[in-house]
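Add 16 to a position in the sequence shown, counting from 1, and you land on the number used in the working numbering. Glycine is no exception: its CB is placed at the ideal position from the N, C-alpha and C atoms. Structure record follows, encoded as C-alpha cells.
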Amino acid sequence: MNYKPTLADLRALSAIVTHRSFRKAADELALSPSTLSHMMRSLEANMGVRLLNRTTRSVAATEAGERLVTRLTPLFRDFDLALEEVNEFRGHPSGTLRINTSEIAARVLLDAAVPIFLTRYPDMSLDLVTDNRLVDVVADGFDAGIRLREAVPLDMIAVEFGGDTRFVTVASPAYLAAHPAPQTPDELKTQACIRFRLPSGKLFRWEFEKHGHELAVDVPGVLTLDHVELMAQAAAKGLGIAYVSDRTARPFLESGALVTVLDDWCPAIPGLCLYYPGHRHVPQGLRAFITVLTEVERHGR
C-alpha cells in the first residue's frame, strides 16, 4: 500500500476510539463532527479497510481499527516526548499541561498555584480534568494526576501540598435535635446517612480510626449522591448525616449549618499529592508547575 495516512488523520482516529464518540473527539481536536466524519471516511477509503463501526447513536473500533490505535498509542507518546525535549531548547515552557484531578483539589489549585503559573508562563496552557475516577495518567494521556496520598500508585513520584486533611461526619443542628448523636461509628447503622456512590457504581464505605482501632462502615440511608458538595448541602437541610472532607464541610461548619459528630473517630490523614511517573522524561511545563506548587506551599499561599 503506497498510501500513507497523515498524522492528523491518525490522531483523529485515536481520539474517536478513545472517546467512542465523534462529538467528544471533535471537541478535543477543535473540529466539527462532520469534518471528523469526512476525514474518517476518506481514511478508510484510502486504506481500503473499515476502521470504525458506526450506528446512529454510537461508534466503536473494528478489530483492524483497535489494532491500529493500540500500535499508534506508544508512537504518539514518543512523538510528543520528542517535541517536548526539543521545546526545552526554547528556554521557557510552552504547550499544554494536562492534569487529572478532583473538584476539591482543583479548587485548592485555583486559589493560588494556577494564577501564578499562568501569569509566570504565558506560553503555557493548563488543562485540568476533574474526575472522581482513579485513572491511569500515563495510559489516558495526562502529564500528572492529583489525589489523596493514600490513593497515589506506589510507582509514582508524589509531591505533597495543602497539608493534612480529615474526613468528618457532619449533620445539621435540626437533625441532631430529632435524632441522638451517634457516639460510635457502629451507631451510624441506626441513623439516616447520606451515602456517596463512586463512579464505579460501588457505595463508598465510611472509614474511621481511634487509638489504632480502624472501622469501615457500610452505612444505611435513603439518599445516595455522587457529588460531595451536594452531600454537605443535603446534610445542612437536615436530611441526614454526611461523611465529607473538611474542605467541603468548612463553609457549612463556619456558618453553623452543620456540626461535626464522632470527632474523635476522624483523625487527620496525609492530604493531596500531585503525582507523575518517574520512569519517563518530565516535561518542562510540569517541572515549572511543580516549582510554583512548592513555592505556594512554602509561603502558605
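{"Item": "CA-to-CA distance, Pro131 to Gly15, given in whole angstroms", "Value": "Beyond the ends of the chain as shown, which are 17 and 317, falls residue 15; an answer cannot be given."}
{"Item": "Touch test, the segment 115-134 against the segment 159-173, Cβ-Cβ under 8 angstroms, three pairs minimum", "Value": "yes"}
{"Item": "Reduced DSSP secondary structure (H/G/I, E/B, other) of Pro49", "Value": "helix"}
{"Item": "Closest by C-alpha distance to Phe220, when choosing among Val244, His227, Lys226, Glu230", "Value": "Val244"}
{"Item": "Whole alpha helix (DSSP H) elements within the segment 108-147, 4-residue minimum", "Value": "119-127, 129-136"}
{"Item": "Residue burial classification, Gly301 (beta-carbon count within 10 angstroms, cutoff 16)", "Value": "buried"}
{"Item": "For Leu288 and Ser48, the rounded distance between their alpha carbons", "Value": "37 angstroms"}
{"Item": "Sequence-distant residues of the same chain with beta carbon closer than 7 angstroms to Val298, five excluded per side", "Value": "Tyr292"}
{"Item": "Reduced DSSP secondary structure (H/G/I, E/B, other) of Asn69", "Value": "strand"}
{"Item": "Nearest-angstrom beta carbon gap, Trp222 and Tyr259 [assumed within contact, 8 angstroms]", "Value": "5 angstroms"}
{"Item": "N-terminal and C-terminal residue of the beta strand (DSSP E) that Arg163 is part of", "Value": "160-164"}
{"Item": "Collapsed DSSP secondary structure at Leu88 in the structure displayed", "Value": "helix"}
{"Item": "Simplified DSSP assignment, three categories, for Arg211", "Value": "strand"}
{"Item": "Asp86 versus Ala167 - alpha carbon distance", "Value": "Strictly speaking, residue 86 in this sequence is Thr, with Asp absent from that position. Roughly 27 angstroms separates the two Cα atoms."}
{"Item": "Nonlocal neighbours in the same chain, by C-beta distance under 7 angstroms from Thr200, ignoring five residues either side", "Value": "none"}
{"Item": "Element boundaries [alpha helix (DSSP H), containing Tyr191]", "Value": "189-194"}
{"Item": "DSSP beta-bridge partners of Leu241", "Value": "Phe212"}
{"Item": "Segment limits, alpha helix (DSSP H) that includes His297", "Value": "No alpha helix (DSSP H) holds His297; DSSP gives it neither H nor E."}
{"Item": "Buried versus exposed, by CB contacts within 10 Å (16 or more), Thr22", "Value": "exposed"}
{"Item": "C-beta contact flag for Val186 and Leu274 at 8 angstroms", "Value": "yes"}
{"Item": "Best match in Phe183, Leu241, Gly237 for proximity to Pro215 [C-alpha to C-alpha]", "Value": "Leu241"}
{"Item": "For Gln207, the nearest candidate out of Gly254, Ala174, Asp180 (CA to CA)", "Value": "Gly254"}
{"Item": "Which of helix, strand or coil DSSP assigns to His54", "Value": "helix"}
{"Item": "His315 in three-state terms, based on DSSP", "Value": "helix"}
{"Item": "As assigned by DSSP and simplified to three states, the class of His35", "Value": "helix"}
{"Item": "Local conformation of Ser181 per DSSP, three classes", "Value": "It is worth fixing the name first, because residue 181 is Thr in this sequence and not Ser. Reduced to three states, the DSSP call for Thr181 is strand."}
{"Item": "For Leu302, three-class secondary structure by DSSP", "Value": "helix"}
{"Item": "Where Pro267 falls: helix, strand or coil (DSSP)", "Value": "helix"}
{"Item": "Residues of its chain near Phe305, where Cβ-Cβ distance is below 7 angstroms and the 5 sequence neighbours each way are ignored", "Value": "Leu113, Phe133"}
{"Item": "Expected contact under 8 angstroms - CB spacing of Ser110 and Asp143 to nearest Å", "Value": "About 14 angstroms separates the two Cβ atoms, so there is no contact after all."}
{"Item": "Inter-residue spacing [alpha-carbon to alpha-carbon] between Thr310 and Arg73", "Value": "46 angstroms"}
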